[in-house]
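A.B. asks: Basically the numbering used here = 1-based index in the sequence shown + 41.
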Amino acid sequence: MIARRTIGIAGTAKNTGKTTTTLSLLDYYNTKGVKIGLTSIGYDGETIDNVTGLPKPRLFVRKGLLIVTAEKCFQASSAKVKILENLGIDTPLGKLVCAVVEREGLIVMAGPNQSYHLKNVRDLLFSYGAELIIVDGALGRIAPMVETDGFIMATGASYNLDSHQVAIHAHYLAEICNYPQSAKGLLKDPAWVKLLDSQATVVWNSLGEIVAEVNDLLLNPEQLRPFLITPVMLEAYIVQA
């Protein structure tokens, strides 16, 4: 028995090892006898990558795994599942359902796209006995990870062939995600107003978490530190050559 925990996996680009990392976590915790819940941000588990056209690893799931995915995904899956509950949340592939795997096989995942839906999914999986929830993230979708206890970022040459640029980007993401501070009074802060007046592209959520870009480059973390509040931690990087 372990303390209940939610861990996410996100990627900075296609083919950085995100799905492979998810599979490794599933295998590892399955051998430890941990009750796992699995969901995905967006669409995952397909044989061929929808963007690049390259082969990609399928999600192999074992008996007893709890999953939340869109109902139409079962048509393309070889795993046999038992439906436990319909969540009533719409996706392009039908409503989200919670199920338990009864016979191992391949599964296609298409989970919630928004943070508040992910929170509902997380709470539901815990209510069905999950000890660990794995959220297989989507390309560039870091914001929903606020509903996890921490996440793993997959990066590498698929993001940029220049290893120095990969390292800088990884460093900035780590700084932004791991620096908790109050976000109160954002619009009254002179530094924040100056940032907006500079016509920088600034994106933040209701919790004050900020991802900012200027000409496709992340802002220096020093510029963001007065504004950040991030209850999620970036816990590890997976770097794929």
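Heads up, the beta-carbon is just placed ideally off N, CA and C, and yes, glycines get one too.
A quick note: this is a predicted structure, and the numbers were derived from the prediction, not measured.
Which residues bound the beta strand (DSSP E) around residue 50?
C.D. replies: The residue you call residue 50 lines up with position 9 of the sequence shown. 46-52 is the span of the beta strand (DSSP E), which, as asked, contains residue 50.
A.B. asks: Using only the alpha-carbon positions, how far apart do residue 103 and residue 71 sit?
C.D. replies: Taking the first residue of the sequence shown as 1, we reach residue 103 at position 62. Taking the first residue of the sequence shown as 1, we reach residue 71 at position 30. Going from the Cα of residue 103 to the Cα of residue 71 covers about 8 Å.
A.B. asks: When you compare only the Cα positions, how much space is there between residue 133 and residue 151?
C.D. replies: To locate residue 133, count along the sequence shown from 1; it is residue 92. To locate residue 151, count along the sequence shown from 1; it is residue 110. Approximately 9 Å between the Cα atoms of the pair.
A.B. asks: Where do the ends of the alpha helix (DSSP H) carrying residue 160 lie?
C.D. replies: Here residue 160 refers to the residue found at position 119 when the sequence shown is read from its first residue. It spans 156-168 - the alpha helix (DSSP H) in which residue 160 sits, taken as one unbroken run.
A.B. asks: When the Cβ atoms of the region 150-167 are set against those of the region 112-132, are three or more pairs found closer than 8 Å?
C.D. replies: With a cut-off of 8 Å, the region 112-132 and the region 150-167 count as touching, because enough Cβ pairs lie within range.
A.B. asks: What is the residue span of the beta strand (DSSP E) that residue 76 lies within?
C.D. replies: In the sequence shown, the residue the question calls residue 76 occupies position 35. Taken as a continuous stretch (DSSP letters only), residue 76 belongs to no beta strand (DSSP E), as it is neither H nor E.
A.B. asks: Grab me the residues of residue 46's own chain with a C-beta within less than 7 Å of its C-beta, minus the 5 sequence neighbours each way, in chain order.
C.D. replies: Reading the sequence shown from its first residue, position 5 is the one you call residue 46. Hits under 7 Å: 173 and 190.
A.B. asks: Just to confirm, is the Cβ distance from residue 108 to residue 62 under 8 Å?
C.D. replies: For the purposes of this step, residue 108 is taken as the residue at position 67 of the sequence shown. For the purposes of this step, residue 62 is taken as the residue at position 21 of the sequence shown. No.
A.B. asks: With a CB to CB cut of under 7 Å and the five nearest residues on each side skipped, what residues in its chain are close to residue 143?
C.D. replies: Position 102 of the sequence shown, counted from the start, is the residue given in the question as residue 143. 104, 121, 122 and 123, listed in sequence order.
A.B. asks: Pick out whichever of 59, 187 and 194 has its Cα sitting closest to the Cα of residue 215.
C.D. replies: Taking the sequence shown and counting its residues from 1, the one referred to as residue 215 is at position 174. Of the candidates 59, 187 and 194, the one whose C-alpha sits nearest the C-alpha of residue 215 is 194.
A.B. asks: Have a look at residue 118 and residue 131 and give me their C-alpha separation to the nearest angstrom.
C.D. replies: For the purposes of this step, residue 118 is taken as the residue at position 77 of the sequence shown. For the purposes of this step, residue 131 is taken as the residue at position 90 of the sequence shown. If you take the alpha carbons of residue 118 and residue 131, they lie about 20 Å apart.
A.B. asks: If we count the other Cβ atoms within 10 Å of its Cβ and call it buried at 16 or more, is residue 68 buried or exposed?
C.D. replies: Position 27 of the sequence shown, counted from the first residue, corresponds to residue 68. Counting Cβ neighbours within 10 Å, residue 68 comes out exposed, since fewer than 16 surround it.
A.B. asks: If you follow the beta strand (DSSP E) that residue 121 is part of, which residue opens it and which one closes it?
C.D. replies: Position 80 of the sequence shown holds residue 121. Looking at the DSSP string, the run of the beta strand (DSSP E) that includes residue 121 is 121-132.
A.B. asks: Determine the direct distance from the alpha carbon of residue 202 to that of residue 209, and round the result to whole angstroms.
C.D. replies: Here the question's residue 209 lines up with position 168 in the sequence shown. Here the question's residue 202 lines up with position 161 in the sequence shown. In a straight line, the C-alpha of residue 209 is about 13 Å away from that of residue 202.
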